[in-house]
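Protein chains in written order, with UniProt numbering: chain Y, 1 to 427; chain F, 1 to 262. Every residue gets a Cβ at the ideal spot worked out from N, C-alpha and C, and that includes glycine. These numbers were taken from a predicted model, which means no experiment stands behind them. Down below is the structure, laid out as structure tokens.
This is the structure we're talking about:
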């Protein structure tokens with residue numbers, strides 16, 4: 001616990017730097033990832049991430065230093081090279097893009113691991129720490145590294161703001177962008193460059209293996225919460241920042257622990273809860289809606305049945321018990337009691353000893369359901385020319401969803417009818 | 001029956017377009033008069049969309065050239081507007097109706113600049129013209145097919161162009177939308193704009209257009225509607241595929257042959 005306060009009080013300058021660095025890296029890649037996701041090129045980010053490893057190793061072998069600028073340059077070159085190779089394979093052969101990405105990713109990563117292993121066995125003392133590029137180490141974000149990476153991350157954020165309108169159009173409708181004279185190829189190049197840079201700066205904190213998650217997961221999670229691109233960018237950045245900060249904390253308290261997997265786990269938890277709890281789109285809200293629909297169908301059916309029980313003698317306000325209702329329709333007894341209790345709470349029925357009585361509002365609502373049912377049956381027989389013995393099942397569902405406006409329209413089209421196809425009166 | 005006009009707004013000269021080396025349009029030569037509502041008509045796979053995509057510079061020409069207002073396309077981009085097929089984009093994109101219509105102003109704005117007040121007014125005006133002003137803030141993922149088409153149309157209108165190329169604006173829209181769109185197009189023509197529409201319904205073609213281009217892998221006819229939409233021309237357009245032509249096309253692709261020497 002003391003670690004926690006120590007870290008989040010940010011009194012230690014090192015902690016401050018690491019925290020700022022992780023937040024910047026994670027949020028910049030999340031923002032760039034939004035555009036990659038909308039452009040449907042999510043997998044490309046993964047290929048680039050794996051392809052930067054040989055670049056980092058080669059840069060180290062050639063220069064012999066771990067100067068961040070040199071390593072960055074190496075990473076950038078092989079990252080770019082991988083994209084060119086993917087493009088080349090897809091345009092010059094019958095291999096489709098997904099296959100090309102798979103090929104390039106594994107070949108580049110394989111070479112990277114090969115180089116890394118040979119560096120580690122070369123006995124060069126300066127190499128220690130290079131393996132951190134595999135799974136990331138946020139705690140190493142200090143000094144010169146921090147400055148270089150943070151500046152690049154800031155530049156990425158600025159670029160997406162400056163080119164917001166152009167990137168949006170590119171992702172939404174590339175052909176149209178071309179017809180209004182946008183340099184689409186240059187814009188594509190820009191987005192690709194941003195992606196490569198996002199990967200290159202991100203690997204310090206997350207590592208090449210899991211970097212793709214930092215590009216795509218925040219964007220996918222943010223997409224669940226909003227239909228507004230600006231808001232989506234902000235949300236993705238915040239989610240990325242949070243996971244970056246959490247990763248930095250883990251890295252601080254457990255220095256031997258790689259940061260990448262932690263950051264990815266945290267952002268994935270955010271994503272999974274987004275899928276679950278986001279309003280409207282999440283599955284919790286969908287299940288909730290279905291349950292509400294089911295409850296409403298039960299209630300309306302009960303009111304309808306009680307109304308129909310009163311129909312023969314025009315006597316709607318007599319006591320009915322559960323067996324009366326069950327005689328008209330097979331609904332499990334427990335369901336009926338549950339529904340009636342709910343209706344009582346809502347004031348549509350009152351309890352009279354062991355039986356139930358409709359209130360005036362209950363009678364009105366029951367009547368409306370019966371009316372809609374019979375209107376719909378009539379509509380189906382008249383306009384769709386269905387046989388009158390085929391329309392009941394359909395009307396059983398439709399009676400619950402017709403809105404007052406639609407009801408009005410139905411009445412008009414059917415010219416205010418009196419009888420349904422079974423010669424029952426339409427109330 | 002290919003009628004060439006004096007002072008054309010659009011001139012297509014010996015245009016051949018290929019997909020993957022296979023020519024899908026052969027040697028099209030045509031000119032269009034200003035202020036006309038033009039229908040591009042032909043069977044499936046005749047190259048209707050290909051023709052307007054090539055004119056818009058979205059597909060490279062294997063041979064020939066295109067001039068608009070007697071200038072190359074690059075010089076007059078701001079005076080031309082394009083309405084792509086509705087299905088060509090993913091409508092599940094985080095944007096509102098207004099965002100999309102505002103894109104029509106991007107060409108005039110240039111890089112870095114944000115849309116100004118006047119651009120927003122223009123977008124709003126375009127939305128009113130297509131009767132979508134009530135949907136300004138609606139998410140595009142919630143639109144019906146007809147509404148999507150109107151939004152695309154509004155985006156093109158916001159460009160304030162002189163020539164409009166529309167790829168199947170009547171595909172999969174309701175009658176109300178179709179009537180509203182054709183009214184609007186007629187109005188634009190009466191204002192002196194040229195509107196070129198890819199269309200696949202022969203029935204309505206006579207009523208809609210005053211100039212018709214008949215295509216089937218090559219240009220069959222181009223001229224005023226009453227002279228072009230004749231029994232003879234239609235038989236030439238729809239009467240079976242030119243099997244030799246498409247076989248030769250297949251051959252070009254398989255042998256990796258260029259469609260023009262050197």
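{"Query": "Report the residues of the stretch 94–113 of chain F with a CB closer than 7 angstroms to any CB of chain Y, ordered along the chain.", "Result": "94, 95, 103, 106, 107, 111, 112"}
{"Query": "Using 8 angstroms as the limit for Cβ to Cβ distance, is residue 229 of chain Y near chain F?", "Result": "yes"}
{"Query": "Between Y:401, Y:33, Y:167, Y:303, which lies nearest to residue 186 of chain Y when the distance is taken from Cα to Cα?", "Result": "Y:167"}
{"Query": "Using Cβ-Cβ distances below 7 angstroms, what residues of the stretch 153–171 of chain Y are close to chain F?", "Result": "162, 165, 166, 169"}
{"Query": "With a cut-off of 8 angstroms, does the C-beta of residue 247 of chain Y fall near any C-beta of chain F?", "Result": "no"}
{"Query": "Grab the span of the alpha helix (DSSP H) containing residue 26 of chain F for me, first residue to last.", "Result": "Note, residue 26 of chain F: premise wrong, no alpha helix (DSSP H); beta strand (DSSP E) at 22–32."}
{"Query": "For a contact meaning CB atoms closer than 7 angstroms, what does residue 239 of chain Y contact in chain F?", "Result": "By Cβ distance, chain F contributes nothing, its closest Cβ being about 15 angstroms from residue 239 of chain Y, past 7 angstroms."}
{"Query": "Within the 8 angstroms Cβ cut-off, does residue 180 of chain Y reach chain F?", "Result": "yes"}
{"Query": "Look at the alpha carbon of residue 208 of chain F and the alpha carbon of residue 39 of chain F, and state the distance between them as a whole number of angstroms.", "Result": "8 angstroms"}
{"Query": "Identify every run of the alpha helix (DSSP H) within the stretch 263–350 of chain Y, keeping only runs that are complete inside it and at least 4 residues long; order them along the chain.", "Result": "283–310, 322–328, 333–346"}
{"Query": "Under 8 angstroms between C-beta atoms, does residue 227 of chain F make it to chain Y?", "Result": "no"}
{"Query": "Kindly say whether residue 100 of chain Y, judged by its beta-carbon, lies nearer than 8 angstroms to any beta-carbon of chain F.", "Result": "no"}
{"Query": "Helix or strand or just coil, what does DSSP make of residue 41 of chain F?", "Result": "strand"}
{"Query": "List, in order along the chain, the chain A residues whose C-beta lies closer than 8 angstroms to that of residue 38 of chain Y?", "Result": "Considering every chain present, this structure includes no chain A. Its protein chains are Y and F."}
{"Query": "When you compare each of Y:13, Y:296, Y:374, Y:27 to residue 158 of chain Y by their alpha carbons, which one comes out closest?", "Result": "Y:27"}
{"Query": "Give the residues of chain Y in contact with residue 89 of chain F, contact being defined as C-beta atoms less than 7 angstroms apart.", "Result": "172, 173"}
{"Query": "Are there three or more Cβ pairs, one per stretch, closer than 8 angstroms when the stretch 54–69 of chain F is compared with the stretch 209–223 of chain F?", "Result": "no"}
{"Query": "Counting only beta-carbon atoms, is residue 258 of chain F nearer than 8 angstroms to chain Y?", "Result": "no"}
{"Query": "Excluding the 5 residues flanking residue 36 of chain Y on each side, which residues of the same chain have their C-beta closer than 8 angstroms to its C-beta?", "Result": "42, 44, 45, 191, 195, 215, 216, 219"}
{"Query": "When we look at the beta-carbon of residue 165 of chain F and count the other beta-carbons within 10 Å, is it buried (16 or more) or exposed?", "Result": "buried"}
{"Query": "Determine whether the beta carbon atoms of residue 86 of chain F and residue 152 of chain F lie at a separation below 8 angstroms.", "Result": "yes"}
{"Query": "Cβ closer than 9 angstroms: which chain F residues qualify as neighbours of residue 223 of chain Y?", "Result": "94"}
{"Query": "Closer than 7 angstroms by beta-carbon distance: list the chain Y residues that pair up with residue 77 of chain F, in chain order.", "Result": "180, 181"}
{"Query": "Helix, strand or coil for residue 166 of chain F, going by three-state DSSP, please let me know.", "Result": "strand"}
{"Query": "Return helix, strand or coil for residue 218 of chain Y, following the three-state DSSP convention.", "Result": "helix"}
{"Query": "For residue 232 of chain Y, return the contacting residues in chain F, with the cut-off set at a CB-CB distance below 8 angstroms.", "Result": "94"}
{"Query": "In chain order, what are the residue ranges of uninterrupted beta strand (DSSP E) at least 3 long that sit wholly in the stretch 353–395 of chain Y?", "Result": "355–358"}
{"Query": "So, is residue 231 of chain F buried or exposed, given that buried needs 16 or more other C-beta atoms within 10 angstroms?", "Result": "exposed"}
{"Query": "Against residue 84 of chain F, what residues of chain Y qualify as contacts under a CB-to-CB distance less than 9 angstroms, listed in chain order?", "Result": "173, 175, 176, 179"}
{"Query": "Give the range of the alpha helix (DSSP H) segment to which residue 84 of chain Y is assigned.", "Result": "68–92"}
{"Query": "Counting pairs of Cβ atoms below 8 angstroms between the stretch 296–307 of chain Y and the stretch 267–276 of chain Y, do you hit three or more?", "Result": "no"}
{"Query": "Can you tell me whether DSSP reads residue 64 of chain F as helix, strand or coil?", "Result": "strand"}
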